[in-house]
Amino acid sequence: SSLIGTISGGLIDGESGASIGSSIATSADRSNRQLHQEEIDFIDAKAKEYAEQENISESEAKVLLLTSARIYNDAEAASYHDKFLKKGKSMFSEEQIVKAQEYLWEEGKNLMIYDVTTNSFQRAFYSTPYQYLKSDYSLSQKYEPNINYDAKRQEHYDLRFQMNSLSKKEVNDLSIITKETNGWEKLPPEQSEYHMYGYLGDKNEKYVNDDGREVVLRKMGNGEYIIINDYKNIGTYNFQNPVPINNTLDWIAKENIEHLKHDILPYLKFGNTPYDKIGEFK
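Letter by letter, the sequence shown follows residues 166 to 447 in my numbering.
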């Protein structure tokens with residue numbers, strides 16, 4: 166299946182215990198979204214450099230970079246890897262996956278790839294919410310959605326990802342957010358727990374805007390902020406923004422009750438993608 170081609174490079178087969186990492190190099194599915202061919206070529210060219218940086222073999226570096234890129238660009242692949250990680254069956258730690266993706270974001274920041282469906286260019290190693298959700302999305306050919314999926318449930322996820330994309334609208338200058346200007350406000354960690362999962366998740370910062378937008382940021386080692394887009398921690402456009410909790414009564418403020426009812430509970434029930442199991446995140 167395309168999923169095996171997507172993620173097998175970072176896993177160990179649970180039945181036999183044998184490494185299946187090498188299959189990623191010859192997968193027939195390497196060029197869909199999953200990944201664009203130019204992204205794959207970029208990883209091929211950068212594998213030696215990353216191997217030297219991390220003191221690993223070039224072949225291992227290539228598999229790690231490919232696996233990380235797919236996890237961050239395909240919801241089903243990310244969920245699949247999570248399950249193997251929890252069972253101790255992953256070739257790579259969560260720390261290695263995150264570090265590899267940050268390397269690709271930095272080194273590939275000037276690489277643009279073309280999506281024939283939208284007739285537009287986009288930054289490499291990033292996906293739109295729609296692309297991330299659709300495991301069979303192909304950048305190199307016109308995308309035809311699978312209509313056999315439960316229509317009502319699919320509507321929920323499509324709308325949720327439209328909401329999530331609204332959260333990142335007009336936020337190219339992240340200093341506007343971090344300085345809490347133009348309606349942005351930082352919430353304390355106790356109100357950000359659904360955006361602080363996984364490795365380095367405790368460093369995530371949640372900001373909300375009075376127009377309903379919500380963005381999760383993380384401060385990198387160089388002092389710059391990045392937007393967190395992974396399916397566990399992504400900021401979502403809120404029906405009702407919460408208000409900061411400074412005392413016990415704030416927990417039952419009207420805004421926080423509405424936020425619980427219309428934003429948190431649907432997330433807990435359905436997740437951001439069809440592959441989420443919220444209870445497993447912790």
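Virtual Cβ for every residue (Gly too), placed ideally from N, Cα, C.
Inset, instruction - Find out if the Cβ-Cβ distance for the pair N403, E420 is shorter than 7 Å. - result: Counting from one through the sequence shown, the residue named residue 403 turns up at place 238. Counting from one through the sequence shown, the residue named residue 420 turns up at place 255. Contact flag unset, no.
Inset, instruction - Between the Cα of F286 and those of D239, L304 and P431, spot the shortest distance and give me the residue it belongs to. - result: Numbered from its first residue, the sequence shown carries residue 286 at position 121. Looking at the Cα atoms, L304 is the closest of the given residues.
Inset, instruction - Rounded to whole angstroms, what's the CA-CA distance from E389 to N412? Just pull it up for me. - result: In the sequence shown, counting from the first residue as 1, residue 389 sits at position 224. In the sequence shown, counting from the first residue as 1, residue 412 sits at position 247. Distance between the alpha carbons of E389 and N412: 32 Å.
Legend entry - Member of N398, D376 and L382 whose CA lies at the smallest distance from the CA of Q405: The residue labelled residue 405 in the question sits at position 240 within the sequence shown. Selected option, being the one with the closest Cα: D376.
Legend entry - Boundaries of the alpha helix (DSSP H) in which L425 is found, first to last residue: What you label residue 425 is simply residue 260 of the sequence shown in a count that begins at 1. In the DSSP annotation of this structure, L425 is not part of any alpha helix (DSSP H), being labelled neither H nor E.
Inset, instruction - To the nearest angstrom, report how far apart M385 and L200 are at their CA atoms. - result: Counting from one through the sequence shown, the residue named residue 385 turns up at place 220. Counting from one through the sequence shown, the residue named residue 200 turns up at place 35. Between M385 and L200, the C-alpha separation is close to 25 Å.
Inset, instruction - Name the residue from V373, M277 and Y215 whose alpha carbon lies nearest to the alpha carbon of I341. - result: By 1-based counting over the sequence shown, the position of residue 341 is 176. Selected option, being the one with the closest Cα: V373.
Legend entry - Status (buried if at least 16 other CB within 10 Å, exposed otherwise) for D239: Reading the sequence shown from its first residue, position 74 is the one you call residue 239. That one is buried.
Inset, instruction - Check whether the Cβ atoms of P407 and Q356 lie closer than 7 Å to each other. - result: The count along the sequence shown starts at 1 and reaches residue 407 at position 242. The count along the sequence shown starts at 1 and reaches residue 356 at position 191. Contact flag set, yes.
Inset, instruction - Given a cut-off of 7 Å, decide if N369 and I499 are closer than it, judged by their beta-carbon atoms. - result: A question about residue 499 goes unanswered here, because the residues of the chain that appear run from 166 up to 447.
Legend entry - Enclosing alpha helix (DSSP H) for I236 [first to last residue]: Counted from its first residue, the sequence shown places residue 236 at position 71. It spans E223 to I236 - the alpha helix (DSSP H) in which I236 sits, taken as one unbroken run.
Inset, instruction - Would you grab the beta carbon distance between T232 and I278 for me? Rounded to a whole angstrom, and I think it's under 8 Å. - result: Residue numbering aside, residue 232 sits at position 67 when the sequence shown is read from its first letter. Residue numbering aside, residue 278 sits at position 113 when the sequence shown is read from its first letter. Rounded, the Cβ-Cβ distance is 19 Å, inconsistent with contact.
Legend entry - Bounding residues of the alpha helix (DSSP H) (the contiguous stretch that carries Y215): Within the sequence shown, the letter at position 50 stands for residue 215. Q202 to E219 is the extent of the alpha helix (DSSP H) around Y215.
Inset, instruction - Measure how close the beta-carbons of E223 and A212 come, nearest whole angstrom, since I'm counting them as under 8 Å. - result: Within the sequence shown, numbered from 1, the residue matching residue 223 stands at position 58. Within the sequence shown, numbered from 1, the residue matching residue 212 stands at position 47. About 5 Å; that satisfies the 8 Å criterion.
Inset, instruction - Compute the Euclidean distance between the alpha carbons of Q306 and T282, then round it to the nearest angstrom. - result: Within the sequence shown, numbered from 1, the residue matching residue 306 stands at position 141. Within the sequence shown, numbered from 1, the residue matching residue 282 stands at position 117. Looking at the two C-alpha atoms, the distance is approximately 7 Å.
Inset, instruction - Pull up the distance between the alpha-carbon of N197 and that of D301, whole angstroms please. - result: Translated into the one-based positions of the sequence shown, residue 197 becomes position 32. Translated into the one-based positions of the sequence shown, residue 301 becomes position 136. A caution first: N197 carries a pLDDT of 42, below 50, which makes its placement in the model unreliable, though a value can still be read off. Whole-angstrom Cα-Cα distance: 7 Å.
Inset, instruction - For E345, count neighbouring Cβ atoms within 10 angstroms of its own Cβ and tell me buried if that reaches 16, exposed if not. - result: Locating residue 345 in the sequence shown gives position 180, counting from the first residue. Exposed, by the Cβ-count rule.
Inset, instruction - Using alpha carbons as the reference points, say which of I429, L365 and I410 lies closest to T401. - result: Reading the sequence shown from its first residue, position 236 is the one you call residue 401. Among I429, L365 and I410, the Cα nearest to that of T401 belongs to I429.
Inset, instruction - Quick one: grab the DSSP three-state call for K397. - result: As a first step, residue 397 is located in the sequence shown; it is residue number 232 there, counting from the start. The answer is coil: DSSP assigns K397 none of H, G, I, E or B.
Inset, instruction - Going by CA-CA distance only, name the one from W349, I208, A216 and M256 that's closest to A234. - result: On the sequence shown, residue 234 is found 69 positions in, with the first residue counted as 1. Comparing Cα positions, the closest option is I208.
Inset, instruction - Return helix, strand or coil for Y362, following the three-state DSSP convention. - result: Indexing the sequence shown from 1 puts residue 362 at position 197. It is coil, neither helix nor strand.
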